[in-house]
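Undergrad: Handing you a structure now.
Protein chains: 2
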Amino acid sequence: MDTQAARDILTHHLKSGGKLRATPERFAILDAVLQTQGHFDVEGLYYRLITTGVKVSKATVYNTLELLLECGLVAKYRFAENTSRYEKAFGRPQHHHLICLSCGDIIEFMNEKLERIQDDVCAEKDFFPQSTTLQIFGTCSKCTKKG
Amino acid sequence: MDTQAARDILTHHLKSGGKLRATPERFAILDAVLQTQGHFDVEGLYYRLITTGVKVSKATVYNTLELLLECGLVAKYRFAENTSRYEKAFGRPQHHHLICLSCGDIIEFMNEKLERIQDDVCAEKDFFPQSTTLQIFGTCSKCTKKG
DNA sequence: CTCGGTGCAAATGCTTTGCAATGTC
DNA sequence: GACATTGCAAAGCATTTGCACCGAG
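See below:
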């Protein structure tokens with residue numbers, strides 16, 4: 234994962250935004266995000282930040298994630314729960330989710346045919362797509378075996 | 234929309250549940266749900282209930298929607314906002330959503346090819362699917378023209 | 001020096017919960 | 001009658017906001 238490239242994207246976004254400032258907190262949060270694997274929530278990211286010695290408030294974490302969302306460095310999901318979940322988007326191809334309602338496990342998958350469907354639908358409805366989420370809820374193989 | 238059939242489904246679910254009871258509130262809420270068109274949230278449903286003279290508490294609305302979810306009479310979605318949205322599932326074919334990030338409009342669409350993709354993916358991952366949600370976030374034609 | 005950003009704590013808004021009263025079975 | 005369900009209000013959580021201080025530009 235190219236950390237510098239991600240920082241460049243953020244820096245560019247801040248400059249082009251006009252009044253946005255480059256603060257150490259913002260880059261520290263970006264770094265922490267880049268170190269994640271898979272999904273994370275605000276609570277977990279915040280915990281990892283403070284236990285790594287980074288002093289930030291939860292409010293800043295929320296603000297910064299919103300910022301990273303704007304420049305496409307993270308993706309935000311909402312599965313069944315009340316909590317928003319994020320994942321780094323930089324350098325990751327688009328993928329979707331199988332969500333096990335029994336154990337909560339999330340399995341990722343990719344499918345090129347899906348992109349064609351997206352294009353078809355959007356063309357038909359004259360809709361300009363930005364991001365697509367396909368979520369299949371059900372039971373994973375482990376839980377099916379268990380009972 | 235066959236109200237009686239929906240009631241039968243609920244009744245059956247209550248009986249088969251073992252200890253679940255058939256209360257007037259539950260059926261009143263089901264009736265109100267069946268009268269909806271498109272999506273609704275708890276607040277709106279609750280408002281419609283009390284203004285129609287049905288005396289229920291919001292807690293019961295939440296409980297009952299959970300119940301209706303279990304027997305497949307409603308579907309529950311979580312788009313970008315903090316609020317859960319529902320819609321009646323009985324008698325409605327499966328469909329998906331284009332969500333405009335600018336005006337919040339939700340456009341529904343259907344696609345048979347999608348079901349084949351779902352089957353493929355689930356077979357590959359040995360996953361038993363229960364419900365599928367495809368959400369495409371972007372900008373609708375109205376908002377594209379505006380700005 | 002200006003004004004955007006931060007931290008903190010309080011506020012908000014959706015959802016859940018505790019408990020006494022109610023009504024189904 | 002027993003005990004699931006209800007209503008109400010209070011509690012819980014994730015997220016947002018207000019405000020004084022701080023620091024990037």
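Just so you know, the sequences run in chain order A and B. Using our numbering, read the first sequence as starting at 234 and increasing by one per residue. Using our numbering, read the second sequence as starting at 234 and increasing by one per residue. Positions of the beta carbon are idealized from the N, C-alpha and C atoms, including for glycine.
The alpha helix (DSSP H) that contains A:T244, what's its start and end?
TA: It spans 236-250 - the alpha helix (DSSP H) in which A:T244 sits, taken as one unbroken run.
Undergrad: With distances taken from CA atoms, which of A:S374, A:C373, A:T236, A:L243 is nearest A:E303?
TA: Residue A:L243 is the option with its Cα nearest to A:E303.
Undergrad: Cα-Cα, which of A:E348, A:V294, A:I332 is closest to A:E341?
TA: Ranking the options by Cα distance to A:E341, first place goes to A:I332.
Undergrad: At which residues does the beta strand (DSSP E) containing A:P257 begin and terminate?
TA: Note, A:P257: premise wrong, no beta strand (DSSP E); alpha helix (DSSP H) at 257-267.
Undergrad: Give a yes or no on whether the C-beta atoms belonging to B:R254 and A:R311 are separated by under 8 Å.
TA: No. Outside cutoff.
Undergrad: Can you give me, in chain order, the residues of the stretch 344-363 of chain A that have a beta carbon less than 9 Å from any beta carbon in chain B?
TA: Those would be N344, K346, L347, R349, I350, Q351, D353, V354, C355, E357, K358, D359, F360, F361, P362, Q363, in chain order.
Undergrad: Would you say A:L253 lies against chain B (beta-carbon separation less than 8 Å)?
TA: For A:L253, the answer is no, since every Cβ of chain B falls outside 8 Å of its Cβ.
Undergrad: Could you name the residues of the same chain whose beta carbon sits closer than 6 Å to that of A:F370, not counting the 5 residues immediately before and after it, in chain order?
TA: Around A:F370: I332, L334.
Undergrad: Have a look at B:K358 and B:G286 and give me their C-alpha separation to the nearest angstrom.
TA: Looking at the two C-alpha atoms, the distance is approximately 49 Å.
Undergrad: Taking Cβ-Cβ distances shorter than 8 Å, what residues in chain A pair up with B:I340?
TA: Per Cβ cutoff of 8 Å: K358, F360.
Undergrad: Looking only at its own chain, which residues have a Cβ that is under 6 Å from the Cβ of B:T236, when we skip the five neighbours before and after it?
TA: Same-chain partners within the cutoff: L267.
Undergrad: Can you check which of these residues, A:P326, A:R259, A:D352, is closest to A:E299 by C-alpha distance?
TA: A:E299 has its Cα closest to that of A:R259, out of A:P326, A:R259, A:D352.
Undergrad: Counting only the same chain and skipping the five closest in sequence on each side, list residues whose C-beta sits under 6 Å from that of B:H246.
TA: Excluding positions up to five away in sequence, the list reads C304.
Undergrad: Please report the residue range of the beta strand (DSSP E) in which A:V307 lies.
TA: First-last of the beta strand (DSSP E) with A:V307: 307-310.
Undergrad: Give the DSSP bridge partners of A:C333, in chain order.
TA: Note: A:C333 sits in a beta bridge opposite A:G371.
Undergrad: Starting from B:R325, follow the alpha helix (DSSP H) in both directions and report where the run begins and ends.
TA: B:R325 -> no alpha helix (DSSP H), and no H or E assigned at all.
Undergrad: Which residues, in chain order, does the stretch 276-293 of chain B contribute to contact with chain A at a C-beta distance below 9 Å?
TA: Cβ contacts with chain A come from no residue of the stretch 276-293 of chain B.
Undergrad: By the 10 Å Cβ neighbour count, where 16 or more other Cβ atoms means buried, how is A:K346 classified, buried or exposed?
TA: Per the 10 Å Cβ criterion, exposed.
Undergrad: Could you tell me the alpha carbon to alpha carbon distance between A:C373 and A:L367, rounded to whole angstroms?
TA: Between A:C373 and A:L367, the C-alpha separation is close to 16 Å.
Undergrad: Taking only beta carbons into account, state which residues of the stretch 363-374 of chain B come closer than 8 Å to chain A, listed in chain order.
TA: Cβ contacts with chain A: Q363, S364, T365, T366, L367, Q368, I369, F370, G371, T372, C373, S374.
Undergrad: By Cβ distance, which residues of its chain are closer than 8 Å to B:L263, with the 5 residues on each side in sequence left out?
TA: For B:L263, where only same-chain residues beyond five positions count, the Cβ hits under 8 Å are A239, R240, L243, T297, L301, L306.
Undergrad: Assuming A:E341 is part of the beta strand (DSSP E), what are its boundary residues?
TA: Taken as a continuous stretch (DSSP letters only), the beta strand (DSSP E) holding A:E341 covers 339-342.
Undergrad: Which residues of chain A have a Cβ atom closer than 8 Å to the Cβ of B:T316, listed in chain order?
TA: None at all; the shortest Cβ gap to chain A is about 11 Å.
Undergrad: Is B:R325 close to chain A, meaning its C-beta is less than 8 Å from at least one C-beta of that chain?
TA: Not an interface residue.
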